[in-house]
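These notes concern the structure reproduced below.
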Amino acid sequence: MTRKTTFLKTFRYLLTKEAKRYGLFHTLRSISREKYAERISASILYGLLSSIAINFFFQPGHVYSSGATGLAQVLSAISYRLLGFSVPVAVAFYLINIPLIILAWYKIGHKFTVFTFITVTFSSLFIQFIPQVTLTPDPLINAIFGGLVMGLGIGYALRNNISSGGTDIVSLTIRKKTGRDVGSISLAVNGVIMVFAGLLFGWQYALYSMVTIFVSSRVTDAVYTKQKKMQAMIITSRPEKVIRMVHRRLHRGVTCINEAEGTYDHEKKAILLTVITRAEYADFKYFMKKTDPKAFVSVAENVHIIGRFVEED
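With UniProt numbering, the residue at position 82 of the sequence shown is 82, and numbering never jumps.
Right under this line is the structure:
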């Protein structure tokens, strides 16, 4: 009994020491209660959607999902063929995500990683305990609707600045360096996974799985609007107030062109140029109307950026 108590104390001491060393306690204390509630709710919703996609569509239809989920399905099937028993998809999914969560801690952000870990945990639990239900044996229908449900879950998770794990972490790491769309990167990475699935299990189901990946990536891009850039051109007679608003409220830079002249009344004005994300557009409109309701604003969607554009972790 004494030996067991000593072991527990030693383990707790070492665990606390390592957590302090890597800044885990500091990260947890820096997260507000509102963020906990908001992001944990998003984690639970993603877990439900991903488990529905897997247990209602992918597994019954023999269709392979994208990213770590698809790889977990492949490993589960391989274990059954080679060992005579199948490693649960939920367990394989959790094990695959451990090294990727470590990557996220160092390359993306600590708060992001904490909620990604929570999301992966919820997802694994739901996948394990929600029973499989065969809604239809048609693999094409399963591929389309499974991809739709999974894409909704991934996109909603990313909108709340959490990741569903897997190739999302790889995609976000690459996007921070290249600026390319998350869905496009996922499509390329998952294509490689599907090649292995085709070699192992037959090209018919691999092609259906490619339909799943395409639908999922398009839905992810549609839901996750933070990666979409918009350029706002503001013609105003109050440039200082507008610049101050953009700096303080949106935390974006502004380029100012002075001494612009309107050809109708020949009034001297300034032209301001700034780039925001699609997710910031509603706030931009609100603050712009309060700051200068008479300003003329032109917004161009889906602009491409060459240079430094800061994004939240």
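Beta carbons: idealized from backbone N, C-alpha and C, even for Gly.
As the structure is a computational prediction, the values presented were derived from the model and not from experiment.
Looking at residue j and residue i, is the spacing between their C-beta atoms short of 8 angstroms?
| i | j | result |
| --- | --- | --- |
| S76 | A53 | no |
| S216 | G147 | yes |
| V74 | L207 | no |
| G155 | V219 | yes |
| S43 | I162 | yes |
| P139 | V89 | no |
| F287 | R249 | yes |
| A282 | M230 | no |
| G165 | L100 | yes |
| T119 | G61 | no |
| V149 | F214 | no |
| T233 | L273 | Just to set this straight, residue 233 is Met in the shown sequence, not Thr. Contact: yes. |
| I305 | V275 | yes |
| T212 | S41 | no |
| A72 | I96 | yes |
For residue i, count the other beta carbons within 10 Å of its own beta carbon; 16 or more makes it buried, fewer makes it exposed. Which is it?
| i | result |
| --- | --- |
| I98 | exposed |
| Q204 | exposed |
| R39 | buried |
| Q132 | exposed |
| F129 | exposed |
| G70 | buried |
| D221 | buried |
| N142 | buried |
| V246 | buried |
| E280 | buried |
| I193 | buried |
| S298 | exposed |
| F11 | For F11, the predicted structure reports a pLDDT of 45, less than 50, and the residue's modelled location is therefore unreliable. A value from the coordinates is still provided. With fewer than 16 Cβ atoms within 10 Å of its Cβ, F11 is classed as exposed. |
Our contact map puts residue i next to residue j with C-beta atoms below 8 angstroms; I'd like the distance itself, whole angstroms only.
| i | j | result |
| --- | --- | --- |
| G67 | T167 | 4 angstroms |
| R238 | D292 | 5 angstroms |
| Y224 | L158 | 4 angstroms |
| Y80 | S86 | 4 angstroms |
| L49 | G153 | 3 angstroms |
Rounded to the nearest angstrom, what separates residue i and residue j at their Cα positions?
| i | j | result |
| --- | --- | --- |
| residue 315 | K241 | For the chain, the structure presents residues 1 to 313; residue 315 sits outside this window and is missing. |
| V170 | K107 | 10 angstroms |
| K269 | R175 | 37 angstroms |
| E259 | I271 | 8 angstroms |
| Y13 | H110 | Annotation note: pLDDT 49 at Y13 (below 50); position unreliable, coordinate value reported separately. The straight-line gap from Cα to Cα measures roughly 22 angstroms. |
| S123 | V254 | 41 angstroms |
| Y22 | F115 | Bear in mind that the predicted position of Y22 carries a pLDDT of just 49, short of 50, making it unreliable; the figure below should be weighed with that in mind. Taking the straight line joining both Cα atoms gives about 16 angstroms. |
| N160 | G84 | 41 angstroms |
| T121 | A188 | 26 angstroms |
| N55 | A37 | 27 angstroms |
| G198 | K228 | 33 angstroms |
| F25 | Q59 | Model confidence at F25 stands at a pLDDT of 47, short of 50, so the residue's coordinates are unreliable and nothing is read from them. |
| A104 | T263 | 53 angstroms |
| V303 | K285 | 18 angstroms |
| T113 | L45 | 18 angstroms |
| G202 | F145 | 21 angstroms |
| I257 | R278 | 24 angstroms |
| K289 | H266 | 23 angstroms |
I want to check one thing, is the minimum distance from the CB of residue i to the heavy atoms of the ligand MG below 7 angstroms?
| i | result |
| --- | --- |
| A188 | As for the ligand MG, it is missing from this structure, which has no ligand bound. |
Taking CB distances under 8 angstroms as the criterion, tell me whether residue i reaches chain B.
| i | result |
| --- | --- |
| I305 | The chain inventory of the structure shown lacks chain B, comprising one protein chain alone. |
Starting from residue i, follow its DSSP beta bridges and name the residues at the other end.
| i | result |
| --- | --- |
| V74 | The partner list for V74 (beta bridge, DSSP) is empty, contrary to what the question assumes. |
| K229 | T277 |
| F85 | BP columns for F85 are empty, so no partner. |
| F255 | For clarity, residue 255 is Thr in the given sequence; the question names Phe instead. The partner list for T255 (beta bridge, DSSP) reads L273. |
| E261 | K268 |
| E38 | In the DSSP output, where bridge partners are listed per residue, E38 has none listed. |
| S217 | According to DSSP, which records beta bridges pairwise, S217 is partnered with nothing at all. |
| S50 | Per DSSP, none; premise fails for S50. |
| F296 | I235 |
| E301 | M230 |
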